[in-house]
Amino acid sequence: MAHVAGSSALADAGCIIPEIYKQNQNDIDVSRHGRFDMLRREVAAIDGRLASARLPLGVESLDSALAGGLALGRVHMLCGRPGHDGALTGFAVALLRRILAQTDEAAPVVWCPAAAGGGSGMLYAAGLAALGLDPGRLLIVDSPSPGARLAALEDILRTEGLAAVIVEYDRVSQTSDYWMRLARRAQLAAEASGVTGLLLGWPVAASGFDSLWHIAPSSAAPLSSAPSGQAGRDLSRYSSRYSRYSSWHPCWQVELRHARGGRPWSSQLSWDAYANSLSEIRREHETEAVPEPLPFAPPGPARGSLPLRRVRPSSNGHASAQLAG
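The sequence shown begins at 154 in the numbering used here and counts up by one.
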């Protein structure tokens with residue numbers, strides 16, 4: 154009897170074990186799609202990085218490539234070829250408008266421009282206002298040395314209460330190791346303060362930033378009338394001449410070469426400053442790329458009626474601010 158009972162128990166176990174195995178396999182299949190995301194979170198935790206807030210840019214395919222949108226509290230590098238400085242600056246302004254829409258209205262933006270305004274000229278207060286960017290929120294830091302601007306990036310990013318930091322590094326020549334160290338320090342500083350950073354300049358052998366973009370001018374976007382409602386009122390607050398740019402929609406060839414947690418992406422984007430929105434342009438409408446004019450002054454003192462605050466080192470070593478009209 155004992156032998157028979159044992160055989161029966163083994164037979165029952167033989168029926169139960171496959172059922173348990175089958176159930177475990179079902180559980181594995183259900184979670185298989187989320188295993189990569191879980192592994193990515195574990196790696197981020199080991200690396201000391203916390204999940205960042207995402208800012209949707211309003212273009213579905215681009216937001217998907219960015220894993221939900223542009224990461225806030227991170228540093229992003231925007232590169233452009235020689236002669237495309239205007240396109241690079243224009244796209245940075247478009248991103249900045251999106252970032253400012255999600256931040257405290259009183260939070261300032263620190264902008265470290267290229268020496269002598271670069272190829273696109275100096276930032277022009279009235280032009281920025283016409284695009285809906287309040288020049289009163291800009292704190293311009295002048296430095297003729299791109300190395301000095303990059304060296305100051307970490308300290309500026311650690312300053313809490315800023316909406317964003319933009320640094321133009323010109324044609325600085327540095328090794329890939331230098332960029333990797335800079336990216337690591339800048340990323341940690343941005344994560345600590347929650348301030349978003351944008352680096353603008355020529356293509357370099359850089360890695361370690363949250364995203365890497367390449368921006369070039371493209372064909373003009375279709376024209377449309379200025380919107381009514383809040384979007385139009387936001388622009389009219391800053392400039393009575395905002396209607397001058399009602400049909401001006403810059404278009405860029407945008408290539409997302411790297412995005413942490415995302416994937417590469419490339420397409421043409423058009424920006425509507427009035428609606429503060431980006432839209433993708435279908436490739437069948439592409440024509441020969443023509444650099445578009447930007448509302449920035451040529452190199453020299455800005456002469457808009459709206460002042461920009463500039464910071465220059467004083468003789469005693471401390472920074473001093475003044476208004477540039």
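We put the beta carbon where it would ideally sit given N, CA and C, even for glycine.
Residue environment, residue i, which counts as buried when at least 16 other CB atoms sit within 10 Å
i, result
"P297", "exposed"
"P288", "buried"
"T328", "exposed"
"A304", "exposed"
"G314", "exposed"
"L281", "buried"
"D257", "exposed"
"D308", "exposed"
"Q255", "exposed"
"D425", "buried"
"L310", "buried"
"A336", "buried"
"P370", "buried"
"D295", "exposed"
"A259", "exposed"
"A428", "buried"
"R302", "buried"
Enclosing beta strand (DSSP E) for residue i [first to last residue]
i, result
"T349", "349-354"
"E213", "Counting along the chain, E213 falls outside any beta strand (DSSP E), though it belongs to the alpha helix (DSSP H) covering 213-218."
"L409", "404-412"
"L291", "291-294"
Delimiting residues of the alpha helix (DSSP H) encompassing residue i
i, result
"D549", "The displayed coordinates of the chain run from 154 to 478. Any statement about residue 549 would go beyond what the structure contains."
"S346", "329-346"
"P370", "It is not in any alpha helix (DSSP H) - P370 instead sits in the beta strand (DSSP E) that spans 364-370."
"L310", "299-310"
"A358", "Unbroken run through A358: none, as it is neither H nor E."
Contact belief for residue i with residue j at Cβ below 8 Å, rounded distance in angstroms
i, j, result
"G226", "G300", "Going by Cβ atoms, the distance from G226 to G300 rounds to 25 Å, so no, they are not a contact pair."
"V262", "L231", "Between L231 and V262 the Cβ distance is about 15 Å, and since that is not below 8 Å, they are no contact."
"V228", "G350", "4 Å"
"R251", "L286", "The pair is not a contact, with the Cβ atoms about 11 Å apart (cut-off 8 Å)."
"L276", "W264", "7 Å"
Residue i Cβ short of 7 Å to the ligand FAD heavy atom set
i, result
"L223", "As for the ligand FAD, it is missing from this structure, which has no ligand bound."
(request) Inspect the CB distances between the region 258-269 and the region 400-408 and report whether three or more fall short of 8 Å. (result) Judged by Cβ distances under 8 Å, the region 258-269 makes no contact with the region 400-408, as fewer than three pairs qualify.
(request) Tell me, please, whether the region 350-367 touches the region 309-328 by the rule of three or more beta-carbon pairs shorter than 8 Å. (result) A contact exists between the region 350-367 and the region 309-328.
(request) Evaluate contact between the region 358-375 and the region 235-247, counting only Cβ atoms and requiring at least three cross-stretch pairs below 8 Å. (result) yes
(message) With a threshold of 8 Å, are at least 3 pairs of Cβ atoms found where one atom belongs to the region 207-215 and the other to the region 331-340?
(response) Taking 8 Å as the limit for Cβ pairs, the verdict is that the region 331-340 does not touch the region 207-215.
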